[in-house]
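Read the structure below first, then the notes.
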Amino acid sequence: MRLDRYLCEMNTGSRSQVREWIKKGLVSVNGQVITNANHKIAEGADNVVFQGKEITYRKYVCYMLNKPRGVVSATQDNTADTVVELLAAEGRKDLFPVGRLDKDTEGLLLLTNDGDLAHRLLSPKRHVDKTYRVTVEHPLLEADIRQLEQGVDIGEDRLTLPAKVEAMAENVIHLTIQEGKYHQVKRMLQAVGNRVTALERIRFGGIRLDEGLAPGAYRPLTPQEEECLRKAADSDAHSKEKHFSNTL
Ligand code: URA
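When you read off a place in the sequence shown, starting at 1, and then add 9, the result is the number in this note's numbering.
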């Protein structure tokens with residue numbers, strides 16, 4: 010891998026910044042200052058140092074995006090902008106979204122190149138928590154909230170798994186679910202005779218949406234967030250509350 014790309018992928022700086030730093034002689038490889046951005050790096054073997062700090066190689070990366078409305082959760086689309094295009098400045102071709110948010114949903118979406126991590130986070134067996142801020146057309150009644158908490162019929166073989174509901178305002182709830190069926194939140198609210206008018210994901214696998222990220226903005230996960238996410242991906246649904254008897 011080229012030295013400038015290596016530094017970019019390890020989140021040292023943007024492509025133009027790292028090229029400038031290399032030109033200025035701020036980067037050394039195996040103890041030698043390298044001023045050529047095209048210098049080839051053997052990832053994991055060469056010792057790369059920027060301003061006295063070793064930049065160790067990491068194969069996998071994970072970003073938090075505040076997905077804006079109007080953008081599709083895909084790597085390619087013929088008609089609309091994709092979430093992957095929002096990270097184009099990273100210069101990576103291997104990123105993909107961890108699951109999907111609807112085109113009109115905003116909020117926390119993870120993008121990674123780690124297929125195994127994504128697979129485990131999305132596995133229905135893992136029961137990874139996802140929390141949504143849900144705005145609805147009609148005020149929610151206590152009875153609706155109890156129903157959502159117990160599980161509702163959205164036309165599948167089973168009721169939805171019990172959800173956690175926190176009433177935030179007459180028309181706003183924080184809804185935590187452990188499944189990820191197609192349009193699940195919208196179908197759950199429809200099942201109690203309501204309609205979602207705005208939807209934002211605010212938590213995923215123990216990670217909170219960074220309020221400092223404007224819609225469309227993103228950042229790499231912190232090491233603490235990554236650890237939290239990997240724990241969620243490794244969690245065993247059987248050690249959580251059991252929801253399996255929730256049949257129709
Ligand atoms: N549930 C929905 O209905 N839409 C989303 O985008 C996510 C969850």
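Backbone N, C-alpha and C define an ideal beta-carbon position, used for all residues, glycine too.
Asked                                                                                                     : Found
Identity of the residues DSSP links to Ser37 by a beta bridge                                             : Val42 and Val58
Where the beta strand (DSSP E) containing Pro232 begins and where it ends                                 : First-last for Pro232: Pro232 to Asp243, but that is the alpha helix (DSSP H), not the beta strand (DSSP E).
Between the CA atoms of Ser244 and Ala223 - distance to the nearest angstrom                              : 31 Å
Nearest residue (CA-CA) to Gly202, options Ala51, Ala97 and Glu146                                        : Glu146
Classification of Arg155 by the beta-carbon crowding that lies within 10 angstroms, buried from 16 upward : exposed
Closer than 6 Å: residues whose CB approaches a heavy atom of ligand 1                                    : Leu110, Asp111, Thr114, His192, Gln193, Val194, Lys195 and Leu208
DSSP three-state assignment for Met27, whether helix, strand or coil                                      : Met is not the amino acid found at residue 27; the sequence shown has Val there. Looking at Val27 - three-state DSSP - the assignment turns out to be helix.
Closest residue to Leu117 among Glu151, Gly34 and Glu209 (Cα-Cα distance)                                 : Glu209
For Tyr15, three-class secondary structure by DSSP                                                        : helix
Distance, Lys76 Cα to Ala226 Cα                                                                           : 8 Å
Neighbour-count burial assignment, Ser82, 16 or more Cβ in a 10 Å radius                                  : buried
With 16 other Cβ atoms within 10 Å as the buried cut-off, status of Glu49                                 : It should be noted that the sequence gives Lys, not Glu, for residue 49. When all chains shown are included, Lys49 counts as exposed.
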